[in-house]
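If you use numbering that gives the first Met the number 0, the sequence shown corresponds to residues 0 to 345, in order.
Quick reminder that beta carbons are idealized off the backbone N, C-alpha and C, glycines included.
Here is the structure we will look at.
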Amino acid sequence: MKRLQWPSWMPIDPYILLLLGTVGLAALLPARGTGADVASGASTAAIAFLFFLYGARLSTREAVEGLKHWRLHVTVLACTFVVFPLLGLAARGLEPVLLTHNLYTGLLFLTLVPSTIQSSIAFTSMARGNVPAAICAGSFSSLAGIVVTPLLAAALLGNSGGGFSADSLVKIVLQLLVPFLAGQVLRRWIGGFITRHKKVLGYVDRGSILLVVYTAFSEGMVQGIWHQVSAVRLAGLLAVEAVLLAVMLTLTWYGGRALGFHREDRIAIQFAGSKKSLASGLPMASVLFGAHASLAVLPLMLFHQMQLMVCAVIAKRRAHDPEAATTPVPSVAASRIAVGTAPRSD
């Protein structure tokens with residue numbers, strides 16, 4: 000029997016459909032009482048294990064070698080953790096006319112999370128860009144985000160994130176940073192196992208995130224916070240996110256040119272510097288926002304799908320640029336590195 004594949008012309012990530020299905024399940028059958036306690040405990044354990052796997056996957060040697068292209072990585076980090084948050088702060092003027100307070104908080108949180116890894120690599124490769132640079136840029140962004148995102152959230156969100164406090168920073172350290180560092184320390188012994196079973200562990204990644212989404216949206220349903228969102232507000236949020244993505248795509252492309260980067264590097268900068276990671280953002284939001292996480296992650300979920308659809312179109316067009324004819328196809332070695340170091344979902 001021929002294996003069914005997702006059509007290449009349909010830029011909708013099938014995983015997004017699973018996420019939406021999980022949200023629907025939480026709306027129809029939210030976890031309550033003892034079930035909610037069990038789901039919350041399982042979600043906490045899943046988040047810790049997720050970041051343990053991230054730490055075990057990241058090759059320290061390859062990351063150190065990637066530092067040789069430090070100007071590109073600094074540019075991507077600046078886009079991710081400086082330009083994005085500044086645009087998020089600028090959007091404060093849209094509250095409460097276009098966005099509710101909770102939706103704006105989620106939008107601002109979206110601008111604070113790290114970049115993607117897997118999709119940045121895939122789009123950079125498709126557009127015939129600098130794949131090794133995209134690998135390192137995404138990895139550095141994810142690594143920095145474990146520390147930078149909570150600090151930025153503490154500074155910019157304050158108590159508006161549903162009780163964000165110093166206690167949330169402690170939870171971040173215990174649930175995210177400690178497991179990540181443990182994965183790095185144990186990588187020497189378990190790295191081979193992780194590589195051999197990366198497909199199965201990829202399902203664990205995605206299953207963990209689905210559990211986090213179900214728990215967060217269940218808490219939101221039980222507390223009735225979804226009554227605060229209307230179709231008009233959601234349309235406004237989508238419009239704001241479309242503008243945000245367009246601005247970042249433009250800045251990363253033409254900014255890279257102004258900084259003197261070659262075409263291959265500019266492609267890596269555009270795709271790594273304009274996107275936000277769902278895989279990292281969802282667990283962080285669950286830890287930081289607690290019962291308010293459902294509305295906090297809604298802007299991130301919508302932006303994630305939007306960035307995939309838009310970047311898929313841009314990558315295909317970049318591949319047919321006149322300049323692309325003289326650009327060598329990314330090496331097999333780079334592709335193998337990408338498979339070995341990138342999380343299966345971002």
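Item, Value
"If we call anything under 8 Å between Cβ atoms a contact, is residue 346 one with residue 189?", "No information on residue 346 is available, as it lies outside the stretch 0 to 345 that the chain covers here."
"Looking at C-beta atoms only, is the number of pairs between the segment 76–85 and the segment 49–56 that lie closer than 8 Å three or more?", "no"
"Sorted by chain position, which residues of the same chain lie with C-beta nearer than 7 Å to residue 264's C-beta, five sequence neighbours on each side aside?", "71, 129, 132, 255"
"Taking the C-alpha atoms as reference points, what is the distance between residue 301 and residue 205?", "17 Å"
"Hey, would you say residue 179 sits closer than 8 Å to residue 145, going by beta carbons?", "yes"
"Quick one: what's got a C-beta closer than 8 Å to residue 305's C-beta in the same chain, skipping five residues either side?", "237, 240, 241, 244"
"Are the beta-carbon atoms of residue 149 and residue 287 separated by less than 8 Å?", "yes"
"Out of 84, 105, 23, which has the shortest C-alpha to C-alpha gap to residue 232?", "105"
"Anyone know if the C-beta pair for residue 25 and residue 285 falls short of 8 Å?", "no"
"Could you check whether residue 259 and residue 112 sit closer than 8 Å to each other, using their CB atoms as the reference points?", "no"
"Taking C-beta to C-beta, are residue 31 and residue 221 nearer than 8 Å?", "yes"
"Just to confirm, is the Cβ distance from residue 88 to residue 155 under 8 Å?", "yes"
"Please go through the same chain and pick out, in chain order, the residues whose beta-carbon is closer than 6 Å to the beta-carbon of residue 147, but skip the five residues on each side of it.", "80"
"For residue 40, is the classification buried or exposed, using 16 other Cβ atoms within 10 angstroms of its Cβ as the cut-off for buried?", "exposed"
"Mapping the DSSP letters down to three states, classify residue 320 as helix, strand or coil.", "coil"
"Run through DSSP, which three-state label would residue 123 get?", "helix"
"Rounding to the nearest angstrom, what Cα-Cα distance links residue 7 and residue 122 in this structure?", "Summary for residue 7: the model assigns pLDDT 48, below 50, so the residue's position carries little reliability; its value from the coordinates is reported in the next sentence. Spanning the two alpha carbons is a distance of roughly 13 Å."
"Between residue 297 and the rest of its own chain, which residues show a CB-CB distance below 6 Å, the 5 nearest in sequence each way excluded?", "105"
"Taking DSSP as the reference, what is the three-state secondary structure of residue 345?", "coil"
"Within a Cβ cutoff of 6 Å, which residues of the same chain sit near residue 17, ignoring the five residues on either side of it in sequence?", "none"
"Less than 8 Å separating the beta-carbons of residue 276 and residue 345?", "yes"
"Less than 8 Å between the CB atoms is what I'm expecting for residue 38 and residue 214, so what's the real figure, rounded?", "5 Å"
"Using a 10 Å radius around the Cβ and a threshold of 16 neighbouring Cβ atoms, would you call residue 253 buried or exposed?", "exposed"
"Less than 8 Å between the beta carbons of residue 219 and residue 293, yes or no?", "yes"
"Are there 16 or more other CB atoms within 10 angstroms of the CB of residue 162, so buried, or fewer, so exposed?", "With a pLDDT of 47 at residue 162, under the threshold of 50, the predicted position of this residue should be treated as unreliable, and no value is reported."
"What separation, rounded to the nearest whole angstrom, lies between the Cα atoms of residue 19 and residue 318?", "31 Å"
"What residue from 91, 170, 175, 124 has the CA that sits closest to residue 142's CA?", "175"
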